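Undergrad: Chains as they are written, first to last, in our numbering: chain R, 1 to 51; chain L, 1 to 790. Glycine is no exception: its CB is placed at the ideal position from the N, C-alpha and C atoms. These figures come from a predicted structure and were not determined experimentally.
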């Protein structure tokens, strides 16, 4: 059971990493428009288009 | 009847327009739709039609708008206000608001179409706010071309400056998101550890370690995520009052400190998970509430641009469109009824009525006489006026006021106010009760702290405070999808108590597009000439009937003067002869003769000096959802129309409802008040400038999105697709909302009432209280979310 002394701190580290990522996402305005992004996959170009 | 490929509106019978889609011909309803659809299809964006969730808005007829509409936005002096220029690479950036966006497909279309243009570096469309952030290279493409491109695919762009309040709201949102993430993730960990501690699934030797880890994990939740609660409680206390957050903060921090002490001294019990879960749940409800508030703020900001940017300058009887910024002192500008005055100035016209609500907050119209000062931002009520400019743009009174205070309507619904008051009284009694519980248990020789905390948690009106905002935001989101935009939430709460619903006719129940059914004229004038005179005069008017003459070329006629007779018509002079054009009420002026009996049904009468020389009958069609709307509404329905003709009778008969016709705006208001006295709550649907007074009087006002700015400015609810069926949807949703609210309140109050005695007598421990409270909140939230379903 002593492995718990490693696993719990490890879990905390992972959470801190997740939070840092989330804070970064908030800072980059990723959560500004939640109505739209879910639909974006529909609009991916089916065939390669020339711009 | 088939419907238009682009906007889904029914196609007029005599329309033969088509477009090519994948080799097939599809019908469209007008040249506007045809042009837009062609641009979209030729650009290779047919995906838009495949994936859109709602039909497009009918584009504005190209002919009705001048080509150089956006030219004014290219001037550096104009751009100074809303464009940011990157000093290193001269890249321009601006925020613009886009009208007519309804679903993700629209946002996609705009982004794809614009990034194909040379010189547009990037565009990010935000569907939630109906805004876009644009980056472009001004030396390659002027802004007006970008705007024209947006217009060519059927949307209306306008420059926009994000207000201070919005930026502030956005920062608060971001903070909430971060605090929620911290609270959520750490609470999960703490709860996991707490589970092990409570149920003794771990060996004794680990318990000490688990407690310290719990302390470590809950510290950021309580100290960082709990900040909004702490500051709000502190603010209330420092003002010598209490709010809901005071007992909450007491509960959280006493639990945390006592648990921390227990950990440190390795005695007694710890309740870290109760404290963190409490913070998380409360924060969730605060965030939801904040979202509702932000949404309301953004909607009203999009609707109301503070100053009209474009002005109509008058030079030797020709009207030119310029930016308000380019006006100079001494210039003469023309402002139509229902529009805002773009600059401060002296009134040249003899007389007019304006509303200075934006400046004074007083919504009653004020009479102004020749020589009086008209302030920028005033809404012109009943006339086309001419104003000599005295101060321009940033020097106007309105801009000065705006600089000092950027304010926002924070109207609270009556229900929310009652809830607030109740919560305040409850809060004080809860604080006393928990102190009493603490003392009681201490006297009995027990540690009273946990019982007092259990009381604080059990009585926390968390579910209660979630009940209203979640239900309202779910209901207004569901309605928005159906094309009904709620601006004031009281409309949503009270629509089910409506007794009478009053409708304007033209533009509300009917399409408001008039066509001439019959033209009568006396012997001394021929029909063409008569029509030309009327068309020339109506060009200067924004009255709905004027649309019936848009197709007549009247360039050969020069108007020498135009004057509006309030609510009755227009007086113009042509080659020194005075013509009066207007409604039947003109006959009441003593000098006029009654018309020929066979002209009874006309809407427009034309007088040369004092003799009636002609009359014109116009017809308009019912909107597609009008009949269905009448069938679905359970309340009394009545038409209040300014039209006096038999058209009203005919439409009322088709719809099977009561009507009052030939009402002036003032008479409409009186009629509505009569209805209010007689039956109770009355709603009004209107679209025109002439409805603005009656809309302000109604208990709930609904305006058409296509209607005049003035009517939208007043309305509680805006029907985005301009179909009257929206009011039936509103009533139905309101009934559902009130049912859900009642369930929520009964549940939340019932839970608190039940949990309180249990907590006082120590049966309910803090962790049970927290789980009970969270379950109760979850039940309330999921109950509210049922409103999202159709």
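My output table needs one value for residue 3(R): the three-state DSSP class, helix, strand or coil.
TA: Coil, per DSSP.
Undergrad: Where does residue 629(L) sit, in a helix, a strand or coil, going by DSSP?
TA: Three-state result, residue 629(L): helix.
Undergrad: Run through DSSP, which three-state label would residue 295(L) get?
TA: Residue state, collapsed to three classes: helix.
Undergrad: Just verifying my parser: in three-state terms, what is the DSSP assignment at residue 404(L)?
TA: Low per-residue confidence applies at residue 404(L): pLDDT is 40, beneath 50, and the placement is therefore not dependable enough to give any value.
Undergrad: Beta strand (DSSP E) containing residue 678(L): first to last residue?
TA: Not the beta strand (DSSP E): residue 678(L) falls in the alpha helix (DSSP H), residues 665-679.
Undergrad: First and last residue of the beta strand (DSSP E) that includes residue 612(L)?
TA: Where residue 612(L) is concerned, the enclosing beta strand (DSSP E) stretches over 611-619.
Undergrad: Can you list, in chain order, the residues of its chain with a C-beta nearer than 7 Å to that of residue 769(L)? Leave out the 5 residues immediately preceding and following it.
TA: Taken in chain order, the residues that qualify are 454, 457, 458, 755, 759.
Undergrad: Need the endpoints of the beta strand (DSSP E) that residue 352(L) sits in, please.
TA: Note, residue 352(L): beta strand (DSSP E), 351-355.
Undergrad: Under the assumption that residue 556(L) contacts residue 539(L) (Cβ atoms under 8 Å), give the Cβ distance between them as a whole number of angstroms.
TA: Not a contact, Cβ separation roughly 13 Å.
Undergrad: Only counting runs of 4 or more residues, tell me where the alpha helix (DSSP H) segments fall wholly within the stretch 504-549 of chain L, in order along the chain.
TA: Within the stretch 504-549 of chain L, the complete alpha helix (DSSP H) runs of at least 4 residues are 527-538.
Undergrad: Answer with yes or no whether the minimum CB distance from residue 177(L) to chain R is below 9 Å.
TA: Yes, residue 177(L) lies at the interface with chain R (some Cβ there is under 9 Å from its Cβ).
Undergrad: Pick out the complete beta strand (DSSP E) segments inside the stretch 190-214 of chain L, 3 residues or longer, and give them in chain order.
TA: The stretch 190-214 of chain L contains no whole beta strand (DSSP E) run of 3 or more residues.
Undergrad: What does the alpha-carbon distance come out to for the pair residue 703(L) and residue 684(L)?
TA: Between residue 703(L) and residue 684(L), the C-alpha separation is close to 8 Å.
Undergrad: Label residue 40(R) either buried or exposed according to how many other C-beta atoms from any shown protein chain fall within 10 Å of its C-beta, with 16 as the threshold for buried.
TA: Exposed: under 16 other Cβ atoms inside 10 Å.
Undergrad: Which partner residues does residue 52(L) have in the DSSP bridge list?
TA: According to DSSP, which records beta bridges pairwise, residue 52(L) is partnered with nothing at all.
Undergrad: Which same chain residues end up closer than 8 Å to residue 246(L) when comparing Cβ atoms and leaving out the 5 residues on each side of it in sequence?
TA: 233, 236, 237, 427, 431.
Undergrad: Under a three-way DSSP split, which group does residue 637(L) fall into?
TA: The answer is strand: DSSP assigns residue 637(L) an E or B state.
Undergrad: Which chain L residues are close to residue 41(R), counting only those with a beta carbon under 7 Å from its beta carbon?
TA: Those do not exist, as residue 41(R) stays about 10 Å from chain L at its closest Cβ, beyond 7 Å.
Undergrad: What is the C-beta distance between residue 581(L) and residue 534(L), in whole angstroms, given that I count them as a contact (C-beta under 8 Å)?
TA: Yes, residue 581(L) and residue 534(L) are in contact; Cβ-Cβ is about 6 Å, under 8 Å.
Undergrad: Shortest alpha-carbon distance to residue 354(L) belongs to which of 622(L), 387(L), 324(L), 505(L)?
TA: Here the closest residue by C-alpha is 387(L).
Undergrad: Leaving out five residues before and five after residue 652(L) in sequence, what residues of the same chain have Cβ atoms less than 8 Å from its Cβ?
TA: The answer, listed in chain order, is 639, 658, 659.
Undergrad: Roughly how many whole angstroms lie between the Cα atoms of residue 801(L) and residue 248(L)?
TA: Outside the shown range of chain L, which is 1 to 790, sits residue 801(L), and nothing can be said about it.
Undergrad: Considering only residues of the same chain and omitting the five flanking positions on each side of residue 656(L), which have a CB-CB separation below 7 Å?
TA: 630, listed in sequence order.
Undergrad: Within the 9 Å Cβ cut-off, does residue 26(R) reach chain L?
TA: With 9 Å as the cut-off, residue 26(R) counts as an interface residue toward chain L.
Undergrad: Could you name the residues of chain R that residue 108(L) contacts, counting a contact when the two beta carbons are closer than 9 Å?
TA: Correct list: 36, 39, 40, 42, 43.
Undergrad: When you compare the CB of residue 7(R) with every CB in chain L, is at least one pair closer than 9 Å?
TA: Judged by the 9 Å Cβ criterion, residue 7(R) is not in contact with chain L.
Undergrad: Residues of chain L with CB closer than 7 Å to the CB of residue 10(R), please, in chain order.
TA: Here the premise fails: no neighbours, minimum Cβ distance about 12 Å.
Undergrad: Measure the CB-CB distance between residue 500(L) and residue 635(L) and report whether it falls below 9 Å.
TA: Contact: yes.
Undergrad: Can you tell me whether residue 386(L) is helix, strand or coil according to DSSP?
TA: The answer is strand: DSSP assigns residue 386(L) an E or B state.
Undergrad: With a threshold of 16 other CB atoms inside 10 Å of the CB of residue 791(L), please say whether the residue is buried or exposed.
TA: The displayed coordinates of chain L run from 1 to 790. Any statement about residue 791(L) would go beyond what the structure contains.
Undergrad: Suppose contacts are defined by Cβ-Cβ distances below 9 Å. Is residue 571(L) in contact with residue 561(L) by that definition?
TA: Contact: yes.
Undergrad: Among the residues of its own chain, which have a CB less than 6 Å from the CB of residue 776(L), if the five just before and after it don't count?
TA: The residues are 463, 751.
Undergrad: Evaluate contact between the stretch 17-34 of chain L and the stretch 26-42 of chain R, counting only Cβ atoms and requiring at least three cross-stretch pairs below 8 Å.
TA: No contact exists between the stretch 17-34 of chain L and the stretch 26-42 of chain R.
Undergrad: Only counting the same chain, and skipping five residues up and downstream in sequence, which positions put a Cβ closer than 7 Å to that of residue 230(L)?
TA: For residue 230(L), where only same-chain residues beyond five positions count, the Cβ hits under 7 Å are 249.
Undergrad: If I follow the unbroken alpha helix (DSSP H) through residue 649(L), where does it start and stop?
TA: Counting along the chain, the alpha helix (DSSP H) containing residue 649(L) begins and ends at 646-655.
Undergrad: Leaving out five residues on either side along the sequence, give the residues of the same chain with a beta carbon under 6 Å from the beta carbon of residue 412(L).
TA: Note that residue 412(L) scores a pLDDT of 47, beneath 50, so its modelled location is shaky and nothing firm can be said.
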